[in-house]
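Numbering (the UniProt record's numbering), first residue to last: 1 to 835.
All C-beta atoms in this analysis are idealised placements derived from N, C-alpha and C, irrespective of residue type, glycine included.
First comes the structure, then the notes that go with it.
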């Protein structure tokens with residue numbers, strides 16, 4: 001049983017009574033009401049939640065719109081009146097306030113923020129611990145899964161409903177369209193005519209959508225041969241003889257999308273596109289975004305929520321959303337596959353004809369296989385351990401300027417049982433891959449990072465360059481740069497070198513040494529077990545409220561999805577022998593396939609499989625860690641005589657290597673060492689065409705591209721490249737972009753400001769000796785410069801510098817000391833903010 005909010009506040013806040021008690025509760029009601037009532041936007045802007053509300057009864061009059069059931073409104077008003085008068089001496093039970101709509105709680109979340117909302121619901125006002133050890137939910141949003149939240153009430157009552165919306169059969173699609181459009185059908189367009197349209201292109205039996213697209217492809221879309229339309233085959237490259245890669249054969253995205261839209265109009269009836277031009281334009285824009293977004297990042301939830309505001313009735317919302325979800329998930333993908341080949345290259349989607357793609361990809365695979373791969377025939381007897389069962393993946397090609405980049409997508413199903421659920425793979429990943437990866441990265445950091453400082457992003461790049469510049473004296477010849485590019489670094493690593501380097505990494509411990517690794521795994525319970533796990537979640541919430549120790553399962557409600565997420569934490573023990581055995585099996589036994597795997601009783605071989613002669617598959621979880629390990633050992637071993645010299649700076653992120661030095665002869669010696677046969681032992685080969693050697697005295701470029709940033713060779717400043725504007729439709733994506741800005745761009749700008757203030761501090765003594773120098777304009781310039789920057793906590797830098805730029809400290813070296821203090825204070829604040 002849930003208690004009313006008044007009774008809860010009476011229990012939890014005994015020190016609050018009288019008028020303050022009523023004011024606090026009135027503020028809570030007013031916050032919710034002003035946010036959900038569209039007519040009160042002006043009042044909401046003028047409302048200050050800190051100012052007490054004088055008219056308490058006004059909040060009571062606005063209470064009925066907040067409730068779904070008005071049956072107990074009168075009783076609730078009396079209860080609130082007694083509480084306001086201070087006469088409420090015992091808890092009263094009422095269910096009215098506990099049934100606020102989830103949309104109202106969502107609006108409350110938006111005005112309060114994530115952290116405050118979670119604190120209010122979970123820790124302070126949402127749950128009350130009872131004497132018997134259980135927890136009672138006083139009020140709060142109903143925690144539905146995102147799928148259940150979009151369904152009508154009669155559909156959400158089915159507790160055993162699958163969380164994934166099933167695919168519609170052709171007959172169900174007919175009924176959906178007829179039900180949605182029957183009021184707008186003209187007399188000549190009856191339900192039979194609409195079914196005839198579907199029967200022409202979609203079989204009546206529930207067959208895969210690929211057959212639908214086969215019908216479209218076999219028809220050659222003859223109706224698109226007029227002047228207003230076009231076919232994909234009409235768009236070909238004009239320099240076919242000079243083309244060397246798939247990028248030379250790419251088609252115009254505008255024509256491809258137009259072709260898909262024309263084909264989609266033959267499958268989807270016109271009435272299903274909406275009754276208004278705005279709705280039809282909205283669907284077309286979403287299709288364009290869906291087909292051109294890199295890595296197909298648009299989720300099914302984004303597609304569904306895009307059409308929900310168009311209709312008012314829940315049944316109509318669900319029907320149109322389910323229909324267009326089927327269109328995006330199945331029809332669009334197969335229409336595109338039947339016409340062109342889509343691939344990702346440099347964060348963009350390109351479209352290539354099948355004939356050109358097959359010709360180029362077959363030639364690349366044959367050449368690549370002769371150098372790096374061995375044909376392999378998988379046998380079920382070879383898969384005895386978990387590391388062997390999941391140590392394979394599917395081939396994917398990414399076009400490059402010259403050829404392709406081969407990526408291997410790991411499989412989430414064991415080779416011995418391709419129908420097994422993905423949960424077993426996630427368990428394997430949390431038990432083996434994640435702890436071993438963390439262990440290797442920790443050992444690499446302890447062994448190699450003290451010699452070569454890590455560089456993980458543009459912020460580290462700017463800091464390392466600034467620190468190195470402050471410790472060296474730049475000669476007249478300027479600075480020398482050597483940017484090294486490795487040719488197919490992942491593909492050329494020697495297997496024996498990887499195994500020997502792993503053994504070298506653990507040479508300080510014996511074979512029976514045990515490493516304890518902490519790992520965690522987030523679990524979203526299935527709808528079948530939702531009721532049971534909800535009880536477990538409440539018990540876990542009770543432990544959080546009453547106990548000091550962290551339980552094994554921690555409740556983490558996500559206000560964005562109103563879902564329950566259980567985080568499972570484990571402590572895994574791994575011996576040195578198990579770690580080395582697992583890594584060796586990953587390196588030597590991994591294989592890759594292309595084609596379609598047999599999933600039924602038919603064991604017909606319609607795929608090719610390969611193992612590696614050398615190298616590791618790019619895309620596997622531990623491949624980047626192995627490459628990082630070998631290259632770290634290579635840099636420390638081969639360049640040991642140069643690393644400890646202060647005039648040399650080495651920057652490396654996996655296979656991106658950059659040498660910066662004030663000694664030109666040293667850079668030339670390093671370049672000769674790289675191009676010699678000394679690195680053949682590691683299997684590494686230098687790409688001489690892309691390896692660049694520059695000096696500031698004879699520079700042919702204005703900047704050096706490194707890690708997505710531009711390095712100025714003259715002052716070593718770092719400029720982050722401007723990224724294209726993103727159409728952000730979710731809070732998570734927006735937050736990631738905002739976090740990227742404050743962790744990269746803001747820190748780089750702060751580094752530039754530090755250069756300016758350092759120059760002012762060094763040259764102030766010389767400036768004040770000039771006769772034309774005036775202190776007042778100079779102080780105004782400094783104030784304006786610092787006032788243009790803000791501390792991350794919202795405190796203006798001008799406010800901090802105001803007390804430092806006093807009249808007593810504006811003469812001589814004291815001002816230089818003051819600027820130094822300001823820089824130290826700002827750097828300390830930034831360091832704390834970015835931890």
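Out of curiosity, what's the CA-to-CA distance linking residue i and residue j?
i	j	result
residue 571	residue 431	9 angstroms
residue 69	residue 280	Unreliable positioning characterises residue 69 in this predicted model, as indicated by a pLDDT of 37, which lies under 50. The coordinate reading is nonetheless provided below. Looking at the two C-alpha atoms, the distance is approximately 38 angstroms.
residue 345	residue 284	24 angstroms
residue 629	residue 291	38 angstroms
residue 660	residue 708	18 angstroms
residue 372	residue 671	27 angstroms
residue 582	residue 650	32 angstroms
residue 590	residue 664	44 angstroms
residue 404	residue 437	28 angstroms
residue 210	residue 332	Low per-residue confidence applies at residue 210: pLDDT is 34, beneath 50, and the placement is therefore not dependable, though the value from the model is reported in the following sentence. About 10 angstroms.
residue 277	residue 610	52 angstroms
residue 495	residue 502	11 angstroms
residue 645	residue 517	37 angstroms
residue 712	residue 459	15 angstroms
residue 306	residue 273	Its pLDDT being 44, under 50, residue 306 is placed unreliably in this model, and the coordinates cannot settle the point.
residue 441	residue 675	29 angstroms
residue 479	residue 367	41 angstroms
residue 362	residue 396	13 angstroms
residue 255	residue 265	15 angstroms
residue 425	residue 383	15 angstroms
residue 471	residue 450	18 angstroms
How about residue i and residue j: are their beta carbons less than 8 angstroms apart?
i	j	result
residue 691	residue 484	yes
residue 706	residue 658	yes
residue 655	residue 693	no
residue 408	residue 617	yes
residue 643	residue 586	no
residue 493	residue 682	yes
residue 678	residue 638	yes
residue 686	residue 392	no
residue 415	residue 246	no
residue 491	residue 615	yes
residue 343	residue 399	yes
residue 251	residue 287	no
residue 249	residue 340	no
residue 704	residue 489	no
residue 439	residue 579	yes
residue 508	residue 577	no
residue 594	residue 612	no
residue 389	residue 653	no
By alpha-carbon positions, which one of the options ends up nearest to residue i?
i	options	result
residue 515	492, 290 and 574	574
residue 465	247, 481 and 397	481
residue 500	633, 354 and 352	633
residue 716	468, 507, 258 and 612	468
residue 662	610, 343 and 476	476
residue 354	429, 289, 255 and 336	336
residue 406	420, 369 and 472	369
residue 668	384, 505, 695 and 360	695
residue 443	578, 505, 258 and 584	505
residue 385	418, 364, 265 and 428	428
residue 423	412, 348 and 457	412
residue 666	647, 653 and 680	647
residue 592	420, 470 and 410	410
residue 381	434, 417 and 584	417
According to DSSP, what are the bridge partners of residue i?
i	result
residue 705	710
residue 481	660 and 694
residue 253	Note: residue 253 sits in no beta bridge, so no partner.
residue 612	373
residue 348	345
Every unbroken beta strand (DSSP E) within the region 367-408, with a cutoff of 3 residues, ordered by chain
373-375 and 392-399
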